[in-house]
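To keep things clear, I will list the structure first and then write my remarks on it.
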Amino acid sequence: MERRTQTILQSVLIGYLVLLLASLVVDNPVVTTAADLGFAVVAGYFGYVVYANRSPSDDVRVVYVTAAALVLAGLAQLLALLPGFGIAALASTVFFVVGFVGYFLLRWR
Numbered sequence: 348m349e350r351r352t353q354t355i356l357q358s359v360l361i362g363y364l365v366l367l368l369a370s371l372v373v374d375n376p377v378v379t380t381a382a383d384l385g386f387a388v389v390a391g392y393f394g395y396v397v398y399a400n401r402s403p404s405d406d407v408r409v410v411y412v413t414a415a416a417l418v419l420a421g422l423a424q425l426l427a428l429l430p431g432f433g434i435a436a437l438a439s440t441v442f443f444v445v446g447f448v449g450y451f452l453l454r455w456r
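Residue numbering for the sequence shown follows my numbering, beginning at 348 and increasing consecutively.
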């Protein structure tokens with residue numbers, strides 16, 4: 348991963364963690380919604396980074412599944428913010444876990 352991408356990813360993750368901690372401490376619906384939006388951005392961006400920084404030695408099927416799962420986690424999280432789509436939060440979690448496992452499979456090999 349190039350240095351610029353790594354710096355952006357670290358900044359996004361730190362911003363998300365600050366939002367997440369604030370939503371837990373403040374218990375404000377606006378901050379909680381911002382944290383949910385932050386998760387959507389982090390998951391989507393991480394999916395993009397996995398796809399864009401794939402190595403020729405990586406199994407392309409694992410790369411595609413991992414990137415797609417992370418992007419779908421972000422999209423499902425956005426959908427979960429709409430009234431009546433609460434089940435999308437569960438889908439977001441499932442997609443994120445699949446992407447997380449896929450990421451570790453890519454790094455383990």
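C-beta atoms are modelled at their ideal positions from N, C-alpha and C, and glycine is treated no differently. All values reported here derive from a predicted model rather than from experimental measurement.
CB of residue i within 8 angstroms of CB of residue j, strictly
i: Ala399; j: Phe443; result: no
i: Ala382; j: Leu425; result: no
i: Gly385; j: Val412; result: no
i: Ala420; j: Ala435; result: no
7 angstroms CB neighbourhood of residue i in its chain, flanking five on each side removed
i: Asp405; result: Leu453
i: Arg350; result: none
Residues of its chain near residue i, where Cβ-Cβ distance is below 6 angstroms and the 5 sequence neighbours each way are ignored
i: Arg401; result: Val410
i: Leu367; result: Ala382
Residue of the options minimising C-alpha distance to residue i
i: Ala414; options: Tyr392, Pro403, Thr379; result: Tyr392
i: Leu356; options: Tyr395, Val378, Leu367; result: Tyr395
i: Ser439; options: Gly449, Val373, Ala427, Tyr450; result: Ala427
i: Val463; options: Arg456, Gly446, Trp455; result: The structure shown does not extend to residue 463, since the chain spans only 348 to 456, so no value can be given for it.
i: Pro430; options: Ala369, Trp455, Thr380; result: Thr380
Cβ-based burial, residue i [other Cβ within 10 Å; buried from 16]
i: Val377; result: exposed
i: Leu417; result: buried
i: Ser358; result: exposed
Distance cut-off 7 angstroms: residue i Cβ against heavy atoms of the ligand HEM
i: Leu422; result: Looking at this structure, you won't find the ligand HEM or any other ligand, since it has none at all.
8 angstroms Cβ shell around residue i - same chain, five flanking residues per side excluded
i: Gly433; result: Ala427
i: Thr352; result: Val396, Ala399, Asn400
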